[in-house]
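J.: Chains as they are written, first to last, in our numbering: chain A, 226 to 696; chain B, 226 to 696; chain C, 226 to 696. Heads up, the beta-carbon is just placed ideally off N, CA and C, and yes, glycines get one too.
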Amino acid sequence: MTDHLQLHDDRLFPAESATRQIARELYASVADLPVISPHGHTDPSWFADNAPFPDPTELLIIPDHYVFRMLYSQGVSLESLGIGTTPRERSPQESRRIWTLFAKHYHLFRGTPSRMWLDYVFEKVFGLQVVLTASTAGQYYDHIDDCLKSEEFRPRALFERFNIELLATTESPLDPLASHDAIQESGWSGRVISAYRPDPVVDPEFDGFTANVGQLGELSGENTATWSGYLRALANRRAYFSKRGATSTDHGHATAQTADLSTSECQALLDKALKQQMTAQEAELFRAQILTEMAAMSLDDGLVMQLHPGSFRNHNRSVFEQFGRDKGADIPVRTEYVRALKPLLDKFGNRADFTLILFTLDESTYSRELAPLAGHYPCLRLGPAWWFHDSPEGMRRFRELTTETAGLYNTVGFNDDTRAFTSIPARHDVARRMDAAFLARLVVEHRIQEAEAHELIRSLTYDLVKSAYKL
Amino acid sequence: MTDHLQLHDDRLFPAESATRQIARELYASVADLPVISPHGHTDPSWFADNAPFPDPTELLIIPDHYVFRMLYSQGVSLESLGIGTTPRERSPQESRRIWTLFAKHYHLFRGTPSRMWLDYVFEKVFGLQVVLTASTAGQYYDHIDDCLKSEEFRPRALFERFNIELLATTESPLDPLASHDAIQESGWSGRVISAYRPDPVVDPEFDGFTANVGQLGELSGENTATWSGYLRALANRRAYFSKRGATSTDHGHATAQTADLSTSECQALLDKALKQQMTAQEAELFRAQILTEMAAMSLDDGLVMQLHPGSFRNHNRSVFEQFGRDKGADIPVRTEYVRALKPLLDKFGNRADFTLILFTLDESTYSRELAPLAGHYPCLRLGPAWWFHDSPEGMRRFRELTTETAGLYNTVGFNDDTRAFTSIPARHDVARRMDAAFLARLVVEHRIQEAEAHELIRSLTYDLVKSAYKL
Amino acid sequence: MTDHLQLHDDRLFPAESATRQIARELYASVADLPVISPHGHTDPSWFADNAPFPDPTELLIIPDHYVFRMLYSQGVSLESLGIGTTPRERSPQESRRIWTLFAKHYHLFRGTPSRMWLDYVFEKVFGLQVVLTASTAGQYYDHIDDCLKSEEFRPRALFERFNIELLATTESPLDPLASHDAIQESGWSGRVISAYRPDPVVDPEFDGFTANVGQLGELSGENTATWSGYLRALANRRAYFSKRGATSTDHGHATAQTADLSTSECQALLDKALKQQMTAQEAELFRAQILTEMAAMSLDDGLVMQLHPGSFRNHNRSVFEQFGRDKGADIPVRTEYVRALKPLLDKFGNRADFTLILFTLDESTYSRELAPLAGHYPCLRLGPAWWFHDSPEGMRRFRELTTETAGLYNTVGFNDDTRAFTSIPARHDVARRMDAAFLARLVVEHRIQEAEAHELIRSLTYDLVKSAYKL
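See the structure below:
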């Protein structure tokens with residue numbers, strides 16, 4: 226049996242009819258606004274090369290840890306899903322087998338955002354009209370595969386079709402940004418910029434840290450063995466990114482800890498870091514100091530700072546050893562902001578010309594720490610519901626738990642934060658719908674006027690992200 | 226004045242009419258499915274002996290710390306409620322006086338699940354038709370007392386009337402399971418199995434630990450003074466339980482800490498434990514190691530492992546000294562899972578042939594830790610909302626906070642976890658209604674199809690518990 | 226353009242029509258009940274002197290850190306808002322300029338409780354009929370300023386118009402309560418009492434602690450250098466407050482830590498405290514001991530004890546240095562109750578003649594710690610949603626997260642906790658509406674009867690606060 230696939234126009238809107246009607250109108254007013262994606266993990270070479278995506282499995286399963294972690298959690302091996310292989314290592318038959326295996330387990334996603342994103346991609350991007358099941362898997366594979374061979378499904382064509390006004394990728398300071406240069410030189414009108422993510426050269430526990438810092442020195446022409454040279458090198462690469470259009474930095478630290486140490490303490494820490502003779506506590510202190518230094522540089526060069534703390538990366542030891550990073554085994558941990566950020570805030574917290582956007586994986590901090598902080602400090606803004614919480618219920622909780630204390634104007638619109646390119650319109654669509662639903666409730670409970678809700682939905686969709694990220 | 230008692234057919238369903246209609250249909254499809262109770266604390270001797278329950282007070286008040294803690298919190302003394310007395314020590318007049326005292330305070334339960342469970346028991350189990358108040362207390366007492374004297378209210382008759390397909394009790398490894406044997410030998414068709422709860426022989430801080438371990442040695446014929454003998458003894462008793470139908474173990478540790486120590490470290494800890502010369506930290510480490518050992522044994526004997534951490538037991542010192550354990554003074558504390566479980570998960574986390582069911586009293590871990598863990602590790606499943614959270618709002622939060630990341634198939638249906646036998650159908654009824662309400666919202670917001678919701682409600686009610694607990 | 230300002234009669238009620246209808250009826254039954262405000266920070270001299278409030282800016286902006294922190298978070302300087310100035314230091318033009326600046330940013334409050342409170346004050350207290358915007362700012366200023374010059378807007382007249390049955394202020398033990406005496410002697414019928422807030426004389430880290438304790442000795446005629454004399458001095462001032470009508474004490478500690486030390490330990494701590502030679506840990510222990518001593522005194526003198534822990538005060542260093550305390554920079558931190566309160570509860574927890582009302586800024590403790598504690602210990606009650614959580618969503622979460630475990634009778638009605646006098650009726654109105662909305666949902670989901678909801682709404686509005694605070 227093949228069921229019809231048709232996303233309902235009212236999806237995600239509250240059932241109560243007055244609320245739904247208002248949600249519909251609010252959503253309609255922003256449904257066609259361009260997508261601004263200021264933070265994500267797509268590959269800029271897609272847009273530089275504009276080569277076709279290899280096949281459905283490579284496009285939709287292999288890079289999407291949201292997808293394969295769920296199958297893995299139910300006993301499907303990563304090997305059987307082709308994780309760790311490249312398209313070249315897989316025969317078309319193998320890719321098709323993996324797709325069918327995925328289809329067979331598609332019911333596992335019921336009630337999850339992955340299901341909503343995937344159905345959107347299937348119907349709205351690829352025009353499929355039946356539900357994905359084991360029996361339609363072959364039809365799906367063929368159809369998507371055919372699409373991918375056509376011009377309209379090349380990365381740039383999709384970028385345009387998705388109505389993307391701007392897309393930010395994320396790169397290491399060591400990255401020459403060749404793809405970004407190539408995009409710019411190509412004359413294509415699509416705006417793809419980078420964000421400066423210095424983890425490999427500022428986290429002493431990052432694989433290859435010492436070599437990375439050496440390379441940073443070479444790239445920048447600075448002596449990165451001295452603290453001042455090291456800072457100049459970091460600033461030099463920020464300028465390199467900024468010149469190519471980047472407007473932000475991004476920091477994926479384990480915690481939100483910041484510090485304000487003396488230069489001699491910093492030099493001593495750097496010495497230990499480069500010799501890889503650091504305790505875990507010293508490495509934490511090093512990273513803490515880096516955040517404060519990055520804030521100082523932001524005041525100089527105007528880059529907006531993003532902090533994404535609280536993920537225990539690569540929690541599954543054997544999966545990490547066999548398959549590497551980003552395999553669905555990053556697990557959130559309790560995160561503290563109030564004491565952790567104080568050193569940085571004592572220094573720069575009152576500067577309205579500095580922007581630090583805070584994210585969290587620990588929802589207990591929304592109302593307790595993040596909203597009160599953002600509702601006071603001029604430099605702080607709240608990033609949207611992140612990662613596991615980038616979902617209908619997660620977005621609802623974010624709004625309900627932060628709005629009353631931080632207001633809506635201390636938030637920065639939506640981030641899709643994805644490496645799954647075709648899911649970008651799906652994710653922004655969910656965010657617009659959930660914001661419409663939230664505002665509709667405020668209207669129908671007479672907490673704001675309907676005209677205000679119309680102003681707000683546009684701000685949440687478009688204006689706030691542009692101003693917060695200086696786009 | 227006596228108000229009519231009549232549970233509404235739509236209780237717990239959302240008010241919005243489309244949602245309510247779908248919830249009704251979903252609920253109707255599972256309302257008559259048999260009850261599977263894989264985890265609880267009823268007394269197997271009830272079913273072995275099949276003796277009448279003594280009186281209303283003994284049945285419904287004395288053993289139910291949910292009930293008397295609320296009265297106690299409002300200044301009713303435990304003595305006046307007969308806590309700590311046996312039916313033989315109480316005259317019928319005294320039991321009736323206690324019942325009336327309870328009735329006089331029945332309004333305290335407004336808005337609590339106890340109120341819903343009790344009203345269900347009154348109406349559906351005992352056929353009462355007026356609301357319990359001080360003035361109907363006598364009528365209640367007489368009616369229930371009469372019922373209890375009849376054959377239809379003997380434990381086995383109720384078990385059958387409650388449509389219980391399977392009921393698991395919880396026993397210590399030192400328990401000979403005589404009642405379970407008696408039930409089996411009696412030829413009665415009711416299926417009552419045990420679960421292996423080793424706290425008395427694996428927690429060095431448990432009352433009588435050293436003597437308990439000695440007894441364990443005798444029962445198993447092993448030398449429990451050596452680590453290897455101690456482990457063999459624990460495994461031996463697991464086999465004893467398993468042979469009598471048990472399919473699971475249960476662990477009520479203070480934290481979720483696990484460990485992976487060398488044999489010599491384990492022997493040293495055991496030596497100290499048996500001499501009762503342990504620090505609190507060493508006792509914690511001992512218990513942590515035990516969890517990893519239990520996981521190893523589960524891989525051998527197939528018993529499903531349950532972890533119930535995070536309760537500060539017997540928080541009220543003087544109540545504990547005067548009245549003992551389980552007197553409503555167990556208070557949840559903050560609980561950490563991500564770092565705590567890593568030693569065990571590093572060892573066995575990727576084994577799909579091992580099942581570890583996690584419970585929590587700390588709802589802040591649902592979306593932050595438990596759902597991400599269960600949405601990745603093949604061995605992990607999420608137990609239902611537990612204890613204080615086994616309530617309409619608690620169940621709703623459980624679904625809203627875990628589904629999007631862990632999905633529904635990494636959960637295991639409902640546990641009633643009760644020692645209040647007559648409340649079992651009431652509790653399962655609440656769970657079925659709340660799942661119906663949750664799924665109805667997903668349908669009406671067009672997040673899943675109605676046909677899917679019908680499949681899911683059956684899975685959540687019946688299929689998942691059978692497969693997760695290997696029943 | 227000037228929009229009409231008109232608070233909707235159904236504001237804050239759920240949209241679903243059956244629920245809304247019940248909420249309306251419940252609310253209507255308590256809308257006109259007198260306001261009891263057992264905990265707040267208004268200035269008793271207002272009612273003693275009954276002088277006109279100086280101007281709109283001084284009344285509504287300068288003292289309200291809810292208001293100016295939001296503007297500050299969006300880059301409006303505190304200087305430009307007149308923070309730190311007195312009416313005498315500001316020209317009328319300056320006050321008007323500040324008001325206009327505030328009006329220009331009024332959209333920032335969309336979705337916040339401040340917006341609801343302010344609109345209520347504008348419409349219901351001052352009779353304004355257009356929405357506040359930059360263009361109506363002048364009209365607003367003139368109108369409110371005119372009102373303030375009239376007799377009907379003097380503090381006592383407003384007190385009466387607000388239908389306040391009782392208002393508690395908060396004072397230090399060093400305060401002579403001259404305003405309270407003046408009110409009593411004036412023959413005015415308004416009941417304004419104090420609450421005993423000993424932070425300045427019991428927190429070794431409070432500014433001027435040693436001098437404060439010296440002054441305490443003088444006021445009480447006790448030798449506060451000895452532990453016993455110090456305790457007698459504290460008790461002496463409690464009696465002074467009690468004699469003037471106070472029925473409660475209030476404790477604003479950083480944590481909920483309590484202790485039960487020997488007298489010699491206490492004396493040693495006091496010695497260090499008075500010499501200001503304490504570590505942070507010793508200061509914490511001192512405060513912990515004080516809480517237990519205060520509980521002991523409550524058993525003697527019957528004062529109800531309130532604990533408000535978990536605020537990191539004056540988090541913004543430079544704002545504190547320039548502008549002082551209470552400038553919107555107090556940020557909640559994670560708070561632990563279960564282990565922290567045990568020493569005190571071990572001693573007095575089972576005394577039904579003692580009342581300790583617990584508040585929190587850490588909502589993760591509602592269901593995990595506070596409701597289980599209050600649902601067991603006879604001395605404990607739960608204060609209402611506090612500070613940042615004194616908002617529609619915050620109140621809803623408080624009820625949803627505490628009711629099932631603690632019941633409704635272990636709560637104590639509403640506290641407005643405000644220094645913004647004119648917002649008092651607005652805040653109580655929000656609380657009554659949110660309780661009506663919560664109870665209406667219970668009714669419509671058939672969890673309680675409608676008649677019960679009518680009893681409950683009155684208890685939550687009026688009865689419980691009177692009994693809990695012994696008013």
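My output table needs one value for A:Phe-537: the three-state DSSP class, helix, strand or coil.
T.: Note: A:Phe-537 maps to strand in three-state DSSP.
J.: Note the first and the last residue of the continuous beta strand (DSSP E) segment covering C:His-601.
T.: Where C:His-601 is concerned, there is no enclosing beta strand (DSSP E), given that its DSSP letter is neither H nor E.
J.: Kindly confirm or deny that the segment 595 to 611 of chain C and the segment 624 to 643 of chain C touch, where touching means at least three C-beta pairs closer than 8 Å.
T.: Contact between the segment 595 to 611 of chain C and the segment 624 to 643 of chain C is present, because at least three Cβ pairs lie under 8 Å.
J.: Per the contact definition of three or more C-beta pairs closer than 8 Å, is the segment 366 to 381 of chain A in contact with the segment 271 to 291 of chain A?
T.: Touching, yes.
J.: With burial defined as no fewer than 16 other Cβ atoms inside 10 Å of the residue's Cβ, what is the status of A:Arg-175: buried or exposed?
T.: Because chain A in this structure spans residues 226 to 696, residue 175 of chain A falls outside the shown range and cannot be described.
J.: Sort B:Pro-425, B:Arg-335, B:His-264 by Cα distance to B:Leu-391 and report the nearest one.
T.: With distances taken between Cα atoms, B:Leu-391 lies closest to B:His-264.
J.: Work out the CA separation of B:Glu-518 and B:His-476 for me, nearest whole Å.
T.: Answer to the nearest angstrom: the Cα atoms are 12 Å apart.
J.: Quick one: any contact between the segment 254 to 273 of chain B and the segment 673 to 688 of chain B, if contact means 3 or more CB pairs under 8 Å?
T.: They touch, by the three-pair rule.
J.: Can you pull the chain C residues whose beta carbon is under 7 Å from the beta carbon of B:Tyr-297, in chain order?
T.: Going along chain C in sequence order, the residues near B:Tyr-297 (Cβ under 7 Å) are His-601, Pro-603.
J.: State yes or no: is the C-beta of B:Arg-559 within less than 9 Å of the C-beta of B:Gly-535?
T.: Yes. Within cutoff.
J.: Taking all protein chains shown into account, do 16 or more other C-beta atoms lie within 10 angstroms of the C-beta of B:Thr-580, making it buried, or fewer, making it exposed?
T.: That one is buried.
J.: So what does B:Met-530 bridge to, in DSSP terms?
T.: According to DSSP, B:Met-530 bridges with B:Thr-474, B:Leu-581.
J.: Quick one, which residues of the segment 430 to 456 of chain A are near chain B if we go by CB-CB under 8 Å, in chain order?
T.: If the cut-off is 8 Å between Cβ atoms, the segment 430 to 456 of chain A has nothing near chain B.
J.: Does the count of Cβ pairs from the segment 667 to 678 of chain A and the segment 324 to 337 of chain C closer than 8 Å reach three?
T.: A contact exists between the segment 667 to 678 of chain A and the segment 324 to 337 of chain C.
J.: What would DSSP say about B:Glu-447, mapped onto helix, strand or coil?
T.: In the structure shown, B:Glu-447 sits in coil (DSSP, three-state: anything other than H, G, I, E or B).
J.: Flag C:Gly-307 as yes if its beta-carbon sits less than 9 Å from any beta-carbon of chain A, otherwise no.
T.: With 9 Å as the cut-off, C:Gly-307 does not count as an interface residue toward chain A.
J.: Quick one: which residues of the segment 640 to 674 of chain C get their C-beta closer than 7 Å to a C-beta of chain A? List them in chain order.
T.: Of all residues in the segment 640 to 674 of chain C, none has a Cβ within less than 7 Å of some Cβ in chain A.
J.: Looking at B:Gly-553 and B:His-290, is the spacing between their C-beta atoms short of 9 Å?
T.: Going by C-beta atoms, B:His-290 is nearer than 9 Å to B:Gly-553.
J.: Going by other Cβ atoms of all chains shown within 10 Å of its Cβ, with 16 needed for buried, is A:His-219 buried or exposed?
T.: Here chain A covers residues 226 to 696 and nothing more, so residue 219 of chain A does not appear.
J.: Can you tell which of C:Leu-343, C:Gln-299, C:Trp-271, C:Asp-268 has the C-alpha that lies nearest to the C-alpha of C:Asp-654?
T.: It is C:Leu-343.
J.: According to DSSP, B:Tyr-421 sits in a beta bridge with which residue or residues?
T.: According to DSSP, B:Tyr-421 bridges with B:Glu-396, B:Thr-474.
J.: In terms of DSSP beta bridges, what is C:His-330 paired with?
T.: Answer by DSSP bridge pairing: none, since C:His-330 is not bridged.
J.: Taking only the alpha-carbon atoms, compute the straight-line gap between C:Ser-473 and C:Ala-513 and give it to the nearest angstrom.
T.: Roughly 19 Å between the two C-alpha positions.
J.: Tell me, to the nearest whole angstrom, how far the beta carbon of C:Leu-459 is from that of C:Pro-423; I am working on the premise that it is less than 8 Å.
T.: C:Leu-459 to C:Pro-423, Cβ: 6 Å. Contact.
J.: Check the C-beta distance from C:Ala-610 over to C:Phe-623 and give it rounded, since I have them as a contact under 8 Å.
T.: So it is a contact: roughly 4 Å between Cβ atoms.
J.: Please report the Cβ distance between A:Phe-663 and A:Arg-606, rounded to the nearest whole angstrom; I am assuming they are in contact, meaning their Cβ atoms lie under 8 Å.
T.: Not quite, the Cβ-Cβ distance comes to about 18 Å (not below 8 Å), so this is no contact.
J.: Give the secondary structure of C:Ile-261 by DSSP, where H, G and I count as helix, E and B as strand, and everything else as coil.
T.: If DSSP states are grouped into helix, strand and coil, C:Ile-261 belongs with the strands.
J.: Between the segment 550 to 569 of chain A and chain C, which residues of the former have a C-beta closer than 8 Å to a C-beta of the latter?
T.: So the list reads Glu-561, Val-563, Arg-564, Lys-567, given in the order they occur along the chain.
J.: Measuring alpha carbon to alpha carbon, tell me which of A:Gln-440, A:Ala-359, A:His-478 ends up nearest A:Leu-499.
T.: When only C-alpha atoms are compared, the closest one is A:Gln-440.
J.: So the candidates are B:Thr-358, B:Val-350, B:Gly-574; which of them puts its Cα closest to the Cα of B:Asn-388?
T.: Comparing Cα positions, the closest option is B:Val-350.
J.: Against A:Thr-244, what residues of chain C qualify as contacts under a CB-to-CB distance less than 8 Å, listed in chain order?
T.: The answer, in chain order, is Ala-240.
J.: Looking at the structure shown, is A:Ile-389 part of a helix, part of a strand, or coil, going by DSSP?
T.: Of the three classes helix, strand and coil, the one that applies to A:Ile-389 here is strand, per DSSP.
J.: Taking C:Ser-616 as the query, report the chain A residues whose CB atoms sit under 8 Å from its CB, ordered along the chain.
T.: Those are Glu-629, Thr-630, listed as they occur along chain A.
J.: What residue range is occupied by the uninterrupted alpha helix (DSSP H) comprising A:Ala-662?
T.: Start and end: 649 to 669.
J.: Would you kindly check if the distance between the Cβ of B:Arg-469 and the Cβ of B:Asp-525 is under 9 Å?
T.: Cβ atoms of B:Asp-525 and B:Arg-469: not closer than 9 Å.
J.: Based on DSSP bridge pairs, tell me the residues matched to A:Pro-317.
T.: Bridge partners of A:Pro-317: none, in fact.
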